[in-house]
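Heads up: the structure comes next, in structure tokens.
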Amino acid sequence: VQKMGYDHYLYMDESIRKTQMNIYMICSIIEWGYKSIDILGKDGFTVDIHFDENKISDVVSFTTLKNEEESIYEAIDLGLPSGLKWASFNVGAIALEEYGDHFAWGELTTKEDYQSSNCVTNDKEIADISGNPEYDVAASTWGDGWRIPTVGEMNELMTECKWTWYDNFKKGVSGYKVESKTNDNFIFLPTSGFCVGINTFDEGRYGYYWTSTPYEDNANTAAYYIEFNVNAGLIDWGLRRNGFAVRPVKD
Numbered sequence: 007v008q009k010m011g012y013d014h015y016l017y018m019d020e021s022i023r024k025t026q027m028n029i030y031m032i033c034s035i036i037e038w039g040y041k042s043i044d045i046l047g048k049d050g051f052t053v054d055i056h057f058d059e060n061k062i063s064d065v066v067s068f069t070t071l072k073n074e075e076e077s078i079y080e081a082i083d084l085g086l087p088s089g090l091k092w093a094s095f096n097v098g099a100i101a102l103e104e105y106g107d108h109f110a111w112g113e114l115t116t117k118e119d120y121q122s123s124n125c126v127t128n129d130k131e132i133a134d135i136s137g138n139p140e141y142d143v144a145a146s147t148w149g150d151g152w153r154i155p156t157v158g159e160m161n162e163l164m165t166e167c168k169w170t171w172y173d174n175f176k177k178g179v180s181g182y183k184v185e186s187k188t189n190d191n192f193i194f195l196p197t198s199g200f201c202v203g204i205n206t207f208d209e210g211r212y213g214y215y216w217t218s219t220p221y222e223d224n225a226n227t228a229a230y231y232i233e234f235n236v237n238a239g240l241i242d243w244g245l246r247r248n249g250f251a252v253r254p255v256k257d
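Have a look at this one:
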């Protein structure tokens, strides 16, 4: 049972089917006599549920609406020379220690099988995708100026912040605490692993995060990303088919 405020309760089935902005949830009304309830959905959008007060145990379908004041996507000011702000957690996560989702480069949804043959950007000549909602999952799903960082912006994060490895930063999750050199703010980059084919590798050992920048020497099949483990971090290039994490930024 989850309390919604003002002594209004819903039973909520954990099986939530979500496709971008649409959510379907099975609800049983315990205390009724009101016509709508506002809750905060996983993606940071306020959900307004309307129902017939004379019915219970209905299946309620609804579409989330973005609410700027209640957005859970916090922009962290790390005091970078560019003034760029970094998100507090990954796309698909709802807490800083969560891995979030894995995306092939330039794709907007996750999938069961990460192959070159089903990668929508493979063998396509595409410029830097940062801020382009056709290919940038942060711009498409979060909106509000969020986007995938460029390779230059990722390099700035590496060189202008203090990186400290934690074997157990929170809830047993390893990764790097990335701290500002000019203020007390920080972000945490968990070891989210990566996907190839139907398998996920290196969760809890390595972090792999896309940039928005295609790789110049193989611009139609590869892009830049950051990779790190307990020993070090570096910017490298990888095949676009790979499922990596995304940590958004905003100006």
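In the working numbering, the protein residues as written are 7 to 257. Cβ atoms here follow ideal geometry from the backbone N, Cα and C, with glycine treated the same way. Computed from a predicted structure; not experimentally measured.
Compute the distance between the beta-carbons of residue i and residue j, then report whether it is under 7 Å.
i	j	result
Leu102	Phe200	no
Val143	Leu114	yes
Thr219	Thr165	no
Asp83	Asn191	yes
Check residue i in the structure and name its three-state DSSP category.
i	result
Ala145	helix
Asn224	helix
Gly213	strand
Ser218	strand
Ser186	strand
Asn124	helix
Asp173	strand
Lys256	strand
Check for me: the alpha helix (DSSP H) holding residue i runs from which residue to which?
i	result
Thr165	157-166
Taking the straight line between their C-alpha atoms, what separation do you get for residue i and residue j?
i	j	result
Tyr221	Ala229	4 Å
Leu90	Asp223	28 Å
Ser42	Gly203	Any reading at Ser42 must be qualified, since the residue scores a pLDDT of 41, below 50, and its modelled position is unreliable; no value is offered.
Val97	Gly239	21 Å
Glu140	Ser146	7 Å
Asn138	Tyr214	21 Å
Phe250	Lys177	22 Å
Thr116	Asn237	29 Å
Give the range of the beta strand (DSSP E) segment to which residue i is assigned.
i	result
Asn205	205-207
Cys201	200-202
Asp83	81-83
Leu114	Run containing Leu114: none; DSSP gives neither H nor E here.
Identify every residue that forms a DSSP beta bridge with residue i.
i	result
Glu233	Tyr214, Leu240
Verify the contact flag: residue i, CB atom, against every heavy atom of the ligand ZN, threshold strictly below 6 Å.
i	result
Ala93	Inclusion of the ligand ZN in the displayed structure is not the case, the ligand content being empty and no account of it being possible.
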